[in-house]
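Read in order, the letters of the sequence shown correspond to residues 3 to 423 in our numbering.
No residue lacks a Cβ here, since even glycine has one placed at the ideal position from N, Cα and C.
First the structure, in the form of structure tokens, and then the observations on it.
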Amino acid sequence: MADQRPNPLWHPFADMGAVDGDRFVVTRAEGSYVWDDAGTRYFDATASLWYANVGHGRPEITRAVTAQLEQLDAYHLFARTANEPALRLAERLSELAPVPGSKVFLGSGGGDVVDTAVKIARTYFVHIGRPDKTHVISRTQGYHGTHGFGTAAGGITVNAEGFGPLPGDFSHVAYDSPEALEAEIQRLGAERVAAFLCEPVIGAGGVLLPPDGYVEAVAEICRRHDVLFVADCVICGFGRLGTWFGIDRWSVRPDLVTTAKGITGGTIPLGALLVAPHVAEPFFTGRPGAPVLRHGATYAGHPVACAAANATLDLYERDDLIPRGRSLEKPLADSLSGAAGHEAVAEVRAGLGFLAAVELTPDVLAAHPGAADRLYRLLLGEGVVVRPVAKGIVLSPPLIADEPELDLLASAIPRSLDRLL
Ligand code: PLP
């Protein structure tokens, strides 16, 4: 039951005129399910915000977090201070990294790690004597968080409107065209371009799968022009595409990889940036007097967050959850075949990783303002939480979801689409 009382809580990305007094208050979560304040149970088909990959309420994470709070509740990582969970996590991520031996810079979430990636890309070129390489290219429809550089890099245009001038030296290319990237680098001059920022599968922008050969082609273009290839794997990592980081689904060598979300199953905020050895080299000279990266957040590498991450990585390994992102991609696509054939649906995008989108037809979107939100509400009525986006809904269930949950999607989505018309 929605809480009807006004409340000062201001929600991200929300029309507060409509939300106040109409909240979906989640009170409990376990496995692939959440409960609201009226005690109603829902299948969490979004894994909250794309992060509860190991499922909710895993006691192993709770125990690790509790033990860490008792042992060392909080301590920073600045200068030469470290904590054991952060050291352990960095070692593990470096071993698993698509480019082995990568260095690991920790943050508090995806957005600050994206901004860290842009700063490191730019300052790397400063330190190797090419300070003119500052420009960052990203993709239309991409989402890279809401910090300064991430807002400038984001390709969902409405998200960048109304904030005055954003950081300069950013431009966007069509999300599905390697040729557009090549042309933009030629237009700017490779000697000015620092980085290309790319989600392997665009998530918040509507689950846009890369065309065949796209990822390999853009990686090759970046390599040829000495442009750092930054894979934003904040959503795609930790099993979402059936591999540890998402970008390792392809045989390419990213220079920087951003991760967050599934790294702790979302239980505690944390982000991690993997920096390939050649990019870290100017800072890791092996002797005092190396350039200092004057950047970092108070809670970066918080011991409790790192303990949660280490326990989450243990679960991925022990329960062999990572490959499920690939083995479940066809069953998820199959469960949406009824939606794909529905008259209200323009397109179902699925089949690469355990995530999908159901996009409504332009006619439905024009005839029913707020149709995506209405579909989301109809599905809540069916006991399913999905995420409304501009043109439809997106799904990214926990990796522990299975046949009963996919069967529920197969019946609930077409039924809700019928009611939408
Ligand atoms: N990058 C991508 C690809 C994301 O999807 C997100 C968040 O959804 C971010 C960055 C920002 O992460 P956060 O919300 O933790 O700042």
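- A Cβ-Cβ separation of about 7 Å places Val306 in contact with Ala76 under the 8 Å criterion.
- If you check the CB distance, Asn55 and Gly267 come in under 8 Å.
- Looking from the CA of Phe172, the closest CA among Arg60, Gly150, Leu330, Lys332 belongs to Gly150.
- Here the region 407–416 does not lie against the region 64–80, with fewer than 3 beta-carbon pairs under 8 Å apart.
- For Thr125, the closest C-alpha among the options Thr136, Thr287, Val116 is that of Thr136.
- The criterion of a C-beta distance shorter than 8 Å is not satisfied by Ile63 and Ala262.
- In the structure shown, Phe127 falls within a helical segment according to DSSP collapsed to helix, strand and coil.
- Taking a contact to require three or more Cβ pairs closer than 8 Å, the region 357–371 and the region 161–176 do not qualify as touching.
- For the pair Gly264 and Arg242, the CB atoms are nearer than the 8 Å cut-off.
- Contact between the region 330–346 and the region 359–369 is established, with three or more Cβ pairs separated by less than 8 Å.
- For secondary structure counted as the beta strand (DSSP E) over 3 or more consecutive residues, the region 80–159 holds these complete runs in sequence order: 105–109, 137–141.
- When distances are taken from the beta-carbon of Ala206 to the heavy atoms of the ligand PLP, the shortest one is below 7 Å.
- Distance from the C-beta of Val236 to the nearest heavy atom of the ligand PLP is below 7 Å.
- For Tyr216, the enclosing alpha helix (DSSP H) begins and ends at 216–227.
- Taking 8 Å as the cut-off, the beta carbon of Pro293 is found closer than this to the beta carbon of His129.
- Within a 10 Å sphere around the beta-carbon of His58 sit 16 or more other beta-carbons, which makes this residue buried.
- In the structure shown, Glu345 adopts coil according to DSSP, grouped into three states.
- Distance between Phe247 and Leu423, taken at the CA atoms: about 39 Å.
- Taken in chain order, no unbroken stretch of beta strand (DSSP E) lies wholly in the region 277–349 with a span of 3 residues or more.
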